[in-house]
Amino acid sequence: MARNISERDKALTSELEAIDALCDQVLGKLPYETSDIARAYRAGQIMMAALVKHDILLRLHHTT
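Numbering (this note's numbering), first residue to last: 120 to 183.
Quick look at the structure:
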């Protein structure tokens with residue numbers, strides 16, 4: 120059964136993309152030693168964001 124998608128859910132996808140881009144910019148400016156730890160942490164964030172985006176896109180697909 121398809122769920123209704125709120126405007127907030129639709130906006131969340133754009134917000135996550137903007138956050139991803141900003142985090143990538145910050146990581147690009149970190150010293151290499153620091154960025155190793157930050158990149159590992161960021162990889163977890165990217166995986167979680169991808170799961171959230173995937174869920175939203177699936178719900179959008181099933182409601183259209």
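Where a beta carbon is used, it is the ideal one built from N, C-alpha and C, also for glycine.
Check whether the Cβ atoms of residue i and residue j sit closer than 8 Å, and answer yes or no.
i, j, result
"I165", "L131", "no"
"L141", "V171", "no"
"R178", "D143", "no"
Residue i: which of the options sits nearest, CA to CA?
i, options, result
"A162", "D139, L177, L179", "D139"
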